[in-house]
Amino acid sequence: TVNLNNGGVSPTPTHVLESMFRDLKWSNQMPVWTMWQDLEPRIELVRRDLAKMFGCDPEEMAITRNASEANETMILGLDLQKGDEVIITNQNYGRMITTWDQRVRREGIVVKSISFKVPPPSDDYIVDQFRAAITPRTKVIELTHITNLTGQILPIRKIVDMARAKNIEVLVDGAHAFAHFPFTRDELGCDYYGTSLHKWLFAPIGTGFLYVKRDKIAKLWPLMAASKEQEANIRKYEEIGTHPAANHNAISLAVAFNKGIGLERKAARLRFLRDRWAKRVLAEGNGRFNILTPLDDRQSCAICLVNIEGVDTPKLQQWLWNKHKIMTVAIVHPEFHGLRVTPSVYTTLDEVDLFGDVMLKAAKSGIVTDE
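Here you go:
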């Protein structure tokens with residue numbers, strides 16, 4: 038089996054899992070003490086480690102269970118009035134679009150969804166698409182740091198600076214970004230950021246974080262109720278009831294694992310693997326292949342979207358899995374389609390080359406699927 042769908046969730050290093058398992062077993066000895074009194078306080082060490090890696094104050098870092106929890110806290114937590122406008126794109130993550138839609142139905146806010154070309158001609162083009170959608174009623178822009186559809190990295194800093202000058206809040210969905218390629222909070226300039234840690238940090242499944250700038254915490258409501266005394270405390274976003282401490286405590290080991298590799302080296306390896314198959318099919322595919330992700334280090338990393346002229350994308354995905362045990366994901370968007378291909382640090386050159394071989398075969402000889 039060749040796993041080229043590491044974008045959704047990634048395997049966790051064995052030693053990180055073993056640490057989590059040990060803590061789970063310890064939790065079960067006498068949970069009211071072992072879990073709540075011994076293990077849960079260690080979340081402060083995790084908070085410190087993540088804050089250092091992201092480049093923020095630990096008092097601005099909340100530990101969540103995934104990006105959806107972090108992002109929905111941002112989306113549902115801001116006070117908005119009927120008629121207030123929010124700008125998103127039609128490439129935002131579906132769950133986030135659904136969350137905004139609920140606010141539309143429940144509160145009467147207005148969500149404007151913009152489109153941009155795939156691939157986009159420039160960063161300034163993307164910024165201009167957002168700028169053109171702004172009106173005097175615009176209160177919020179929700180951005181995707183790197184899209185889950187094509188792997189396009191958006192010019193976050195440029196959009197944040199443009200929006201801040203107009204007193205518009207910017208929420209950043211970084212689900213596929215953190216530990217995928219190197220960046221810091223200061224480089225982004227954002228006030229809110231949510232991500233999953235079971236994707237590119239390789240932390241246990243069910244881990245994420247929410248960053249909120251210190252002076253923004255008091256006005257962003259938590260998903261679950263917290264006391265008045267916690268109003269300006271980042272920990273109010275962690276008031277979720279009983280939960281295992283083992284999962285989030287293992288995050289620190291995942292941070293150390295990534296430090297051992299180095300994010301610059303990690304990103305370079307991921308781009309090398311991407312280029313190895315993508316540039317090959319472009320060179321040898323007789324013009325049949327379309328790469329919808331810019332092969333430019335500034336605009337993308339491991340995630341890449343590809344299609345073959347005349348080949349049905351969902352059937353191609355099915356054929357790759359059924360006939361060759363190669364796991365990818367079919368992306369079908371109203372404006373584009375393709376296979377999302379995502380290697381990871383453990384992906385071998387032989388696996389990447391096998392994928393290239395099979396894709397070239399599909400372009401040359403076609404595919405036969407069991408329908």
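Residues in the sequence shown are numbered consecutively from 38, following this note's numbering. From the three backbone atoms N, C-alpha and C, an ideal C-beta is built for every residue, glycine too.
Report the three-state DSSP secondary structure of Ala-339 (helix, strand or coil). Position 302 of the sequence shown, counting from 1, holds the residue named residue 339. Ala-339 falls in the coil class under three-state DSSP.
Please go through the same chain and pick out, in chain order, the residues whose beta-carbon is closer than 6 Å to the beta-carbon of Leu-208, but skip the five residues on each side of it. On the sequence shown, position 171 is the one that residue 208 refers to. Excluding positions up to five away in sequence, the list reads Met-111, Glu-179, Tyr-229.
Reduced DSSP category for Val-123 - H, G, I as helix; E, B as strand; rest coil: Here residue 123 refers to the residue found at position 86 of the sequence shown. In this structure, Val-123 counts as strand in the three-state DSSP scheme.
Determine, for His-182, whether the minimum Cβ-Cβ distance to residues of chain B falls below 9 Å. Looking at the structure shown, chain B is missing, and only one protein chain is on hand.
Rounding to the nearest angstrom, what Cα-Cα distance links Leu-310 and Glu-268 in this structure? To locate residue 310, count along the sequence shown from 1; it is residue 273. To locate residue 268, count along the sequence shown from 1; it is residue 231. Roughly 46 Å between the two C-alpha positions.
State the CB to CB distance for the pair Phe-167 and Ile-183, rounded to an integer number of angstroms; the pair is presumed to be in contact (CB under 8 Å). Start at 1 with the first residue of the sequence shown, and residue 167 comes out as number 130. Start at 1 with the first residue of the sequence shown, and residue 183 comes out as number 146. Contact check for Phe-167 and Ile-183: beta-carbon distance about 16 Å, past the 8 Å limit, so the pair fails to qualify.
Assign His-285 to one of two classes, buried (16 or more other C-beta atoms within 10 Å of its C-beta) or exposed (fewer than that). As a first step, residue 285 is located in the sequence shown; it is residue number 248 there, counting from the start. So His-285 counts as buried.
Assess contact between the region 71-83 and the region 220-229, defined as three or more Cβ pairs (one per stretch) separated by less than 8 Å. Is contact present? no
Is Met-72 buried or exposed, if buried means 16 or more other CB atoms sit within 10 Å of its CB? To locate residue 72, count along the sequence shown from 1; it is residue 35. Counting the other CB atoms within 10 Å of its CB gives Met-72 a total of 16 or more, which places it among the buried residues.
Glu-372 in three-state terms, based on DSSP: One-based indexing of the sequence shown puts residue 372 at position 335. Coil at Glu-372, not helix or strand.
Exposed or buried, which one is His-52 when buried takes at least 16 other CB atoms within 10 Å? In the sequence shown, residue 52 corresponds to position 15, counting from 1. With fewer than 16 other Cβ atoms within 10 Å, it is exposed.
Helix, strand or coil: how does DSSP classify Phe-246 here? Here residue 246 is taken as the residue at index 209 of the sequence shown, counted from 1. Three-state result, Phe-246: strand.
Close beta carbons around Glu-372, own chain, < 8 Å, minus the five adjacent residues each side: Locating residue 372 in the sequence shown gives position 335, counting from the first residue. For Glu-372, same chain residues with a beta-carbon under 8 Å away, outside a window of 5 residues either side, are Asn-127, Ser-152, Val-155 in chain order.
Quick one: what's got a C-beta closer than 6 Å to Arg-325's C-beta in the same chain, skipping five residues either side? Your numbering for residue 325 matches position 288 in the sequence shown. Closer than 6 Å at the Cβ level, and outside the excluded window around Arg-325, lie Ile-345, Glu-346, Ala-400.
Contact defined as beta carbons within less than 8 Å: I believe Asn-103 pairs with Ser-233. What is the distance between those atoms, to the nearest angstrom? Residue 103 sits at position 66 when you count from the first residue of the sequence shown. Residue 233 sits at position 196 when you count from the first residue of the sequence shown. Your pair Asn-103 and Ser-233 checks out as a contact, with CB atoms roughly 5 Å apart and the cut at 8 Å.
So Gly-211 packs on Ser-337, CB below 8 Å; how close in whole Å? Taking the first residue of the sequence shown as 1, we reach residue 211 at position 174. Taking the first residue of the sequence shown as 1, we reach residue 337 at position 300. In fact, because the Cβ distance is near 15 Å, the residues do not count as touching under 8 Å.
Buried or exposed: Asn-323, going by 16 or more other Cβ atoms within 10 Å of its Cβ? Taking the sequence shown and counting its residues from 1, one reaches residue 323 at position 286. Answer is exposed; the Cβ neighbour count stays below 16.
Whole angstroms are fine: how far does the CA of Glu-266 sit from the CA of Ile-368? Along the sequence shown, one-based indexing puts residue 368 at 331. Along the sequence shown, one-based indexing puts residue 266 at 229. Straight-line Cα distance between these residues: approximately 45 Å.
Is it buried or exposed, Arg-280, if we count other Cβ atoms within 10 angstroms and call 16 or more buried? Taking the first residue of the sequence shown as 1, we reach residue 280 at position 243. It should be noted that the sequence gives His, not Arg, for residue 280. Result: exposed.
How about Ile-254 and Lys-236: do their beta carbons lie closer than 9 Å? As a first step, residue 254 is located in the sequence shown; it is residue number 217 there, counting from the start. As a first step, residue 236 is located in the sequence shown; it is residue number 199 there, counting from the start. One thing to note: Ile-254 has its Cβ no nearer than 9 Å to the Cβ of Lys-236.
If we ignore side chains and look at the alpha-carbon of each, how far apart do Gln-16 and Gly-278 end up? Here the chain covers residues 38 to 408 and nothing more, so residue 16 does not appear.
For Leu-238, which option in Trp-70, Thr-135, Phe-215 has the closest C-alpha, if you only look at C-alpha atoms? Taking the first residue of the sequence shown as 1, we reach residue 238 at position 201. With distances taken between Cα atoms, Leu-238 lies closest to Phe-215.
Tell me whether Thr-232 sits in a helix, a strand or coil according to DSSP, three-state version. Position 195 of the sequence shown, counted from the first residue, corresponds to residue 232. For Thr-232, the three-state secondary structure derived from DSSP is strand.
Give the range of the beta strand (DSSP E) segment to which Thr-51 is assigned. One-based indexing of the sequence shown puts residue 51 at position 14. If you look at Thr-51, you'll find it isn't in any beta strand (DSSP E); it sits in the alpha helix (DSSP H) that goes 51-64.
So, are the CB atoms of Leu-300 and Pro-219 less than 9 Å apart? Taking the first residue of the sequence shown as 1, we reach residue 300 at position 263. Taking the first residue of the sequence shown as 1, we reach residue 219 at position 182. Cβ distance < 9 Å, so Leu-300 and Pro-219 count as in contact.
Need the endpoints of the beta strand (DSSP E) that Ile-150 sits in, please. To locate residue 150, count along the sequence shown from 1; it is residue 113. It should be pointed out that residue 150 corresponds to Ser in this sequence rather than to Ile. Its beta strand (DSSP E) spans residues 147-151.
Through-space distance from Arg-222 to Phe-91, alpha-carbon basis: To locate residue 91, count along the sequence shown from 1; it is residue 54. To locate residue 222, count along the sequence shown from 1; it is residue 185. Rounded to the nearest angstrom, the two C-alpha atoms are 6 Å apart.
How would you write the range of the beta strand (DSSP E) that Thr-110 sits in, first residue to last? Position 73 of the sequence shown, counting from 1, holds the residue named residue 110. Not the beta strand (DSSP E): Thr-110 falls in the alpha helix (DSSP H), residues 104-114.
Does the beta-carbon distance from Thr-416 to Leu-41 come in below 9 Å? Residue 416 falls outside the range modelled here, since the chain spans only 38 to 408, and no answer is possible.
Give the straight-line distance between the Cα atoms of Arg-308 and Pro-68, rounded to the nearest whole angstrom. In the sequence shown, counting from the first residue as 1, residue 308 sits at position 271. In the sequence shown, counting from the first residue as 1, residue 68 sits at position 31. The straight-line gap from Cα to Cα measures roughly 44 Å.
Cys-341 and Leu-332: beta carbons closer than 9 Å? Taking the first residue of the sequence shown as 1, we reach residue 341 at position 304. Taking the first residue of the sequence shown as 1, we reach residue 332 at position 295. A contact, by the Cβ cut-off of 9 Å.
Proximity winner among Thr-101, Val-46, Lys-89, relative to Pro-259 (alpha-carbon distances): Sequence index remark: in the sequence shown, residue 259 carries index 222 (1-based). When each option's Cα is compared against that of Pro-259, the closest is Thr-101.
If you follow the beta strand (DSSP E) that Thr-135 is part of, which residue opens it and which one closes it? Numbered from 1 along the sequence shown, position 98 holds the residue referred to as residue 135. Run containing Thr-135: none in the beta strand (DSSP E); it sits in the alpha helix (DSSP H), 131-144.
Beta-carbon gap between Glu-96 and Ile-271 smaller than 9 Å: Position 59 of the sequence shown, counting from 1, holds the residue named residue 96. Position 234 of the sequence shown, counting from 1, holds the residue named residue 271. It is a contact, given that the beta carbons lie within the stated cut-off.
For Thr-175, collect the residues of the same chain with a Cβ closer than 7 Å to its Cβ; drop the 5 residues on either side in sequence, then sort them by chain order. The count along the sequence shown starts at 1 and reaches residue 175 at position 138. Within the same chain, Thr-175 has close Cβ partners Glu-122, Ile-124, Ile-205.
Going by C-alpha distance, which of Arg-251, Gly-44, Ala-287 is nearest Cys-93? Translated into the one-based positions of the sequence shown, residue 93 becomes position 56. Among Arg-251, Gly-44, Ala-287, the Cα nearest to that of Cys-93 belongs to Arg-251.
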